[in-house]
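Positions 30 to 349 (our numbering) are the ones given, in order, by the sequence shown.
Note that CB positions come from ideal geometry on N, CA and C, so glycine has one too.
Please read all numbers here as calculations on a predicted model, not as lab measurements.
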Amino acid sequence: MLALASGALAGGYGVVTVQSGESLGEIAHRYRIGTEALRAANGLGASNLIRPGDVLRVPLGEATGGIVEAAPDPPPGFRRHVLGTGETLSGIVARYGISIAALVGANPDLSSLDRLPTGVELLIPPGEGLVVTLFDPSELADLIEHHGADAATVARANGIRSPFDLRPGMLLFLPGVQPSGSLERLARVREEENRYIWPVHGRLTSYFGRRNLGMGTSNFHRGIDVAAPTGTPIIAARSGTVTFSGWSTRGYGNLVRIRHAGGAETWYAHASRLLVSVGQYVNQGERIALIGSTGLSTGPHLHFELHVSGTAIDPLGELR
Ligand SMILES: [Zn+2]
């Protein structure tokens, strides 16, 4: 059996001591990395020769097997939660009575707030704060100062009574420190994942595409129509900069156009009132206008268009 040297984590490597009778191939297999990668990480060249007692470095980035045993323990007072099928982060924070910011602070490397795979292990913190890795114990003071944390509070929260309680690679909880960087990154990820949200909820009265107007005539409907009572707020489907807010001479009535990252535009037509002006930056979900029936319209509704690369496309498949 292979023993993991206690607390031996450094620079993305786990450290294992070779036991009697074990081969390099077996060790590589156990940690699910290539023999090649294991040789390279230990400067073994083309040789597979190892001896009992040799200390090998196992690259953590490539290991997917037993090396997880070497994952550092969470700070005191933390619990672990393995994400089950159908579970959401909002459900988890409600269950443990913590905030999303606290959950993100405990798991600052989360890849997404909405699309986490089942089986992901989350740390559940005792309160608000940020979990960081202490790669080098001599950096503790710098780390605390960098995050604006309080040394005594950090020592108490992590059960540190002397420098001997510090280990390279240990997880440190910094109570009260906001995970601002992670929250900003996750907000960008969320927007990337849910690019467009419904600008208004209501009955879909007309789809994108050619429509028959009767009497042998038809036209191409460049958006979708959503019926809603006059005065209902229309929200920005995605954040961006307002490029038009005013009266359209092309039948749109009161129209708002918003340009988004990457160049796509969303158009919101027939509004009774406009709430934004040209040049203004609006966040996804922010109110931009009120439902109306201005321009060529037969009743209160939102005519919504999505333009990508200058062409109106069917927005239905993009809305979430
Ligand atoms: Zn329409």
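Residue environment for residue 333: buried (at least 16 other C-beta atoms within 10 angstroms of its C-beta). Within 10 angstroms of the beta-carbon of residue 167 lie fewer than 16 other beta-carbons, which makes it exposed. Pairing residue 348 with residue 225, the inter-Cα distance amounts to about 5 Å. Here residue 256 has 231, 232, 234, 330 as same chain residues with Cβ atoms under 6 Å from its own Cβ, once five neighbours each way along the sequence are excluded. Annotation for residue 114: no beta strand (DSSP E) segment contains it, and DSSP assigns it neither H nor E.
Under DSSP, residue 254 shares a beta bridge with 235, 332. Checking the DSSP bridge columns, you'll see residue 298 partnered with 332. A residue is listed when its beta-carbon falls short of 6 Å from at least one non-hydrogen atom of ligand 1; in chain order these are 235, 250, 252, 254, 332. Rounded to the nearest whole angstrom, the CA to CA distance from residue 144 to residue 137 is 15 Å. Annotation for residue 296: 286, 334 place their beta carbon closer than 6 Å to its own, counting only its chain and skipping 5 residues before and after. At least 7 Å separates the beta-carbon of residue 133 from that of residue 200. The three-state reading of DSSP puts residue 341 in strand, counting E and B together. By DSSP's assignment, residue 225 forms a beta bridge with 348.
In this chain, the alpha helix (DSSP H) harbouring residue 173 covers 169-175. Counting other Cβ atoms within 10 Å of its Cβ, residue 60 reaches 16 or more and is therefore classed as buried.
In this structure, the straight-line span from the alpha carbon of residue 111 to that of residue 123 is close to 15 Å. Pairing residue 75 with residue 67 gives a Cβ-Cβ distance that is not under 7 Å.
Looking only at 85, 157, 152, the smallest Cα-Cα distance to residue 109 is reached by 152. One alpha carbon belongs to residue 189, the other to residue 304, and they sit about 54 Å apart. In the three-state DSSP reduction, residue 192 falls in the helix class (H, G or I). Residue 316 carries a strand assignment under DSSP once its states are collapsed to helix, strand and coil.
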